[in-house]
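Using the working numbering, the letters of the sequence shown map in sequence onto residues 139 to 234. Heads up, the beta-carbon is just placed ideally off N, CA and C, and yes, glycines get one too. Reviewing the structure listed below.
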Amino acid sequence: MPFLLEIRVRPNSSRNKVGGSTGEPARLVVAVQAPAVDGKANQAVIKELANAFNLRTRDFTIVFGELGRDKRLLVEGDEKTLQAKLEELIGEPKLL
């Protein structure tokens with residue numbers, strides 16, 4: 139069953155990292171070292187997400203935001219497993 143994942147990308151980061159959240163509703167933050175040029179950051183994002191979720195890169199499809207930092211991806215996999223992993227990666231909600 140497909141799962142819709144909303145993320146915020148941080149290209150040109152000092153290291154690759156998947157975790158944390160930003161915005162309301164919370165979006166998973168994906169930091170990649172790759173620059174946002176010629177789709178390099180998008181490829182790096184999909185690779186990092188595949189590693190974080192223990193899936194194949196072909197299980198991820200960008201459906202919105204291919205040219206922006208805010209993206210929506212369609213993820214193929216078990217919805218309950220993906221939701222649990224997403225909550226783990228986002229971490230505890232921040233109190234203001």
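Identity of the residue in the options nearest residue i by Cα
| i | options | result |
| --- | --- | --- |
| Asp-176 | Glu-204, Leu-211, Val-213 and Leu-227 | Glu-204 |
| Gly-215 | Asp-197, Val-183 and Asp-208 | Asp-197 |
| Ile-184 | Thr-219, Ala-174 and Ile-200 | Ile-200 |
| Glu-225 | Val-156, Arg-194, Ser-152 and Thr-195 | Val-156 |
Where residue i falls: helix, strand or coil (DSSP)
| i | result |
| --- | --- |
| Arg-146 | strand |
| Lys-232 | Because the pLDDT of Lys-232 is 45, which lies under 50, any placement of that residue in the model is unreliable, and the number read from its coordinates should be weighed accordingly. It is coil, neither helix nor strand. |
Rounded distance between the beta-carbons of residue j and residue i, thought under 8 Å
| i | j | result |
| --- | --- | --- |
| Val-170 | Arg-146 | The Cβ separation is near 12 Å, so there is no contact. |
| Asn-154 | Glu-186 | 5 Å |
| Val-148 | Asp-208 | The identity of residue 148 in the sequence shown is Arg, whereas the question assumes Val. 11 Å between Cβ atoms; not a contact. |
Distance CB(residue i)-CB(residue j) smaller than 7 Å
| i | j | result |
| --- | --- | --- |
| Ala-182 | Ala-172 | yes |
| Glu-162 | Arg-210 | no |
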